[in-house]
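Shown next, in structure tokens, is the structure this report addresses.
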Amino acid sequence: MIEALILGLVQGLTEFLPISSSAHLRIVGEFLPNAADPGAAFTAITQLGTETAVVVFFWRDIVRIVSHWFGSFTGRVPRNDPDARMGWLIIIGSVPIVVLGLLFQDEIETTFRSLWIVATMLIVFGVILGLADWSGRKVRTLDRLTYGHGLLFGIGQALALVPGVSRSGGTITVGLFLGYERAAAARYAFLLAIPAVFGSGLFQLVKSWGEPSVYSLVETGAATLVAFVVAILVIAFFMRWISKHSFLPFVIYRILLGAAIMVMLATGVISA
1 MIEALILGLV QGLTEFLPIS SSAHLRIVGE FLPNAADPGA AFTAITQLGT ETAVVVFFWR
61 DIVRIVSHWF GSFTGRVPRN DPDARMGWLI IIGSVPIVVL GLLFQDEIET TFRSLWIVAT
121 MLIVFGVILG LADWSGRKVR TLDRLTYGHG LLFGIGQALA LVPGVSRSGG TITVGLFLGY
181 ERAAAARYAF LLAIPAVFGS GLFQLVKSWG EPSVYSLVET GAATLVAFVV AILVIAFFMR
241 WISKHSFLPF VIYRILLGAA IMVMLATGVI SA
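For the sequence shown, UniProt numbering begins at 1 and goes up steadily by one.
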């Protein structure tokens, strides 16, 4: 139970920062007494807690988007209404991760969880995030988000199926390259993650029911609750941070962590 709670804390702290929560769960799991990969199912289920934090934090926005989206079908709301349009953008942006998640389900749960891959993705996508933050014009707001850009955001999110990329990091990186403001890219990234994370978490919950795993459902549930509480605080911090600061600290952290993991793998301290 203590191990599960530690992993829940890690999940809550890292889910919305562009440093990859799945990578951190994979890495931290190696240093706990069980010295085991928590598994894709544990990761997906605890993400339900962090994603519930998004729903709570952006509750008013979500209610408005959903109601206007449905209202656009009955004529109560114009079809070009910004919130109704955002509903379609979230749907379109969710397509890539659904398709790729189903196509590469086995690899996501096995091959992609190699720590060599995790470490490489931390470094490579850390550098790419840094380049995007440095070169992006950061002038576009969400009301200028096109359907084409929504799909590209979705592809960025889908890359996070590989631990080490980061769901928020991949999505925000695409947004920065497309010229969106940091806060706008992050806001859409958080909203875009809701269908994907809830879908993945519920799928893994049903799939893992009754199957043996490193942590029981009770322990996984406790970790999910901890992740929820911590994530609310992290979202509030992150949204304030990016309105005034660059992503450089996260880029440096990713590169250093990836390099440290590679050194430990090469010296036999941990196993891939």
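Idealized CB from N, CA, C, for every residue including glycine.
Closest in C-alpha terms to Leu-151, from the list Ser-94, Thr-52, Phe-238, comes Ser-94.
In this structure the region 91-107 does not lie against the region 70-79, because fewer than three pairs of beta carbons, one per stretch, are closer than 8 Å.
Of the residues Ile-235, Leu-248, Leu-205, the one whose Cα lies closest to the Cα of Ile-45 is Leu-205. Excluding residues up to 5 positions away in sequence, Ala-84, Gly-87 lie with their Cβ nearer than 6 Å to the Cβ of Trp-69 in the same chain. The shortest C-alpha to C-alpha distance from Ala-193 to any of Ala-40, Gly-126, Leu-122, Phe-153 is the one to Phe-153. Under the 8 Å Cβ criterion, the region 47-63 counts as touching the region 13-24, having at least three qualifying pairs. Exposed is the label assigned to Arg-60, since fewer than 16 other Cβ atoms lie within 10 Å of its Cβ. 8 Å or more divides the Cβ of Tyr-188 from the Cβ of Gly-169. Around the beta carbon of Arg-137, a 10 Å sphere encloses fewer than 16 other beta carbons of the protein chains shown; the residue is thus reported as exposed.
Per the coordinates, the alpha-carbon of Tyr-147 lies some 17 Å from the alpha-carbon of Ser-72. Annotation: Ala-158 to Thr-74 spans about 32 Å, alpha carbon to alpha carbon.
A check of alpha carbon separations from Gly-201 across Gly-39, Val-234, Met-262 identifies Gly-39 as the nearest. The region 109-171 contains, as complete alpha helix (DSSP H) runs of 4+ residues, the segments 115-135, 147-158 (chain order).
For Tyr-253, the three-state secondary structure derived from DSSP is helix. It is roughly 23 Å from the alpha-carbon of Arg-140 to the alpha-carbon of Phe-57. Three or more Cβ pairs closer than 8 Å define a contact, and the region 121-128 meets that threshold against the region 243-261. The secondary-structure analysis by DSSP pairs Tyr-180 across a beta bridge with Arg-140.
For the alpha helix (DSSP H) assignment, the uninterrupted runs of no fewer than 4 residues enclosed by the region 63-116 are, from N- to C-terminal side, 82-103, 105-109. Check the Cα spacing between Val-63 and each of Ile-2, Leu-191, Gly-12: the tightest is with Leu-191. Closest in alpha carbon position to Pro-33, among Leu-7, Tyr-180, Ser-22, is Leu-7. The shortest C-alpha to C-alpha distance from Glu-219 to any of Thr-43, Asp-106, Thr-120, Arg-182 is the one to Thr-43.
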